[in-house]
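Comments concern the structure below.
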Amino acid sequence: MLAGGDALRDILLIVLRTFALLTVTLLALELALQAAFTHLPPTIVEPMPQYLERFGHRLTTEHGGREFPAGEAVEYEVTPLSGDLYHISCLSPADAQPLEPYRVSFKRDHRGFRNVEPWPDDLDLVVLGDSFTAAEHIQRPYWEGVSDSILVLAAPGTGTLEQQRYFEAFARQRNPKRVVLAFFAGNDMNDNQLFSDMLRQGKTRKDRQHEDKNPLDYSVVFRLLHFISESTTLDGGADCHYPLIAQTDPPAPVAFFYKFFPLLSADKESLLQSEAFKLTRTSISEMATALGPDEAELIVMYIPAKAELYWQYLDETSKRTIIAADSRFFHTTNLEEIDVNLSAQRAAMRELADEIDVSFLDLTPPLAEVIRAGSSPYFFADTHWNQTGHNIARNALLDFLNQSNLET
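Everything in the sequence shown is counted per my numbering, starting at 6 for the first residue and increasing by one.
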């Protein structure tokens, strides 16, 4: 009996020692990985709540908007696998389209934007926008070369309300002659709603970044194990409905981000009555008022979502495939209504510009024209423009500004 008890005690001691050794090993590994956090692959650390702050992002600022790392030297290598759709949709790397890899490099200014320093005191042009304007994966963004005296205040993930904070803090006192507000149809209204809700709750972006998180969310070891688990169970996108083939000339494989469809499929009356539109309207009106009726020009530059341009080139089967897979994001499943509603937000923004007497530049026609001509202004694996898209936007903006000069 004693011998059996001794054996059980020995087994328990071995288990405890093994557990203690494993715990110490995991803690040591966690400490090492936390120390190397900024050198770990982005696919591992980007989903973690401490990611932005560890990489120098300012989530709490005096003006209320976020700021990217000041003075950061940015280096990107753009490959066929670059782009948000490989990470936020169901595309498989096997779907990668031909793309000659290239590098993008630039240095952020003292506020984390993409400007040459020092900033001009008197400005001909200010450009406000989100990731389309920040153009992190583009070496020559659409605003480059448009003006000799320009200030670009753009950050990925921002909407009009947050961009208005940049305008008030950095641009208004520099007496700009023109302000271009690059409005993205895919999510700017929703971003405005989220930003307003955050302010209403008395929270900051830092609060939002860390709310509803538990200690394991901050663990690199736990995140690494989760990533490995996801990678080993992923079935290569076998059930993915993307890419679909747009019947352009030549036919082109396309993919869209499903979370853009709530705004794209809503009818015009619903948009006009929504709080998100009212917030957007107020923000743009306030910027127009701040500039004054005779002192400067506000230009709302409408950037259509990828699906707005390619939807007409999808056959009915492809359209129904998207609706069936992402139906919870559509306001309606009626194809005829969706076809009409895709232009509703554009019409609402044009009417808003007319109502408050600001200029409106619609990039839909020139982008649609290049698609009809057989080229693509978008990265395949991304919701954003490629260099072709940025060149189109630059030409359209230059033509608009030159025409405005002639009229004045």
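We treat Cβ as the ideally placed atom computed from N, Cα and C, and that holds for glycine.
For V50, there is no enclosing beta strand (DSSP E); the residue is found in the alpha helix (DSSP H) stretching over 47-50. Beta-bridge annotation (DSSP): S110 is paired with E80. CA-to-CA, the gap between Q178 and I250 works out to about 49 Å. F188 is bridged by DSSP to Y307.
Sorting F42, Y147, M53, A75 by C-alpha distance to the C-alpha of N396 places Y147 at the top. Listed in chain order, the non-local C-beta contacts of V363 below 8 Å within the same chain comprise I289, A293, E302, L303, I304, V305, local neighbours out to five positions each way being set aside.
With fewer than 16 other Cβ atoms from the protein chains shown falling within 10 Å of its own Cβ, I93 counts as exposed. Distance from the CA of E216 to the CA of V121, rounded to the nearest whole angstrom, comes to 36 Å. By the Cβ test, the stretch 190-209 is in contact with the stretch 275-288, since at least three Cβ pairs between them sit closer than 8 Å. Under the 10 Å beta carbon count, K112 is surrounded by fewer than 16 other beta carbons and is classified as exposed.
The DSSP-derived three-state label of Y223 is helix. Under the Cβ criterion (8 Å, minimum of three pairs), the stretch 78-85 does not count as touching the stretch 171-190.
The residue from L268, Q317, A398, V226 with its alpha-carbon nearest to that of H336 is L268. DSSP places V259 within a strand segment (E or B) once states are collapsed to three.
Residues V79, Y81, V109, P161 of the same chain have their beta carbon placed closer than 8 Å to that of E141, with the five preceding and five following residues left out of the count. Sorting D331, F334, L368, A329 by C-alpha distance to the C-alpha of S348 places L368 at the top. Spatial neighbours of G76 in its own chain (CB-CB distance under 8 Å, excluding positions within 5 residues in sequence) are listed in chain order as K112, R113, D114, H115. As the crow flies, the alpha-carbon of P255 is around 18 Å from that of P371. When secondary structure is reduced to three states using DSSP, I16 falls in the helix class. Contact between K264 and A353 is ruled out by a C-beta separation of about 20 Å, above the 8 Å threshold. In the three-state DSSP reduction, D127 falls in the coil class, being neither helix nor strand. Comparing alpha carbon positions, the residue from H68, A401, K324, P47 closest to F172 is H68.
Taking all protein chains shown into account, L21 has fewer than 16 neighbouring C-beta atoms within 10 Å of its C-beta and is therefore exposed. If you keep only unbroken beta strand (DSSP E) runs of at least 3 residues inside the stretch 315-396, you get 364-367. Closest in alpha carbon position to V151, among D331, F261, L128, T287, is L128. Remark: three or more beta-carbon pairs, one from each stretch, lie closer than 8 Å, so the stretch 209-226 and the stretch 33-51 are flagged as touching.
Counting along the chain, L249 sits inside the beta strand (DSSP E) bounded by residues 249-251. Apart from the 5 residues on each side of it in sequence, C245 sits with its Cβ closer than 6 Å to the Cβ of C95 in its chain, given in chain order. For the pair L156 and W124, the CB atoms are nearer than the 8 Å cut-off.
Assignment of V132 by DSSP, reduced to helix, strand and coil, places it in the strand class. Comparing C-alpha distances from F261 to each of G191, T23, L199 shows the shortest one belongs to G191.
For A159, the enclosing beta strand (DSSP E) has its first and last residue at 155-159. Ranked by Cα distance from Y318, the first of G379, L26, H389 is G379. Shown here, R71 sits in coil according to DSSP, grouped into three states, outside any helix or strand. For S270, no alpha helix (DSSP H) segment is defined, and its DSSP state is neither H nor E. Relative to the Cα of D153, the nearest Cα in the group G164, V131, T138 belongs to V131.
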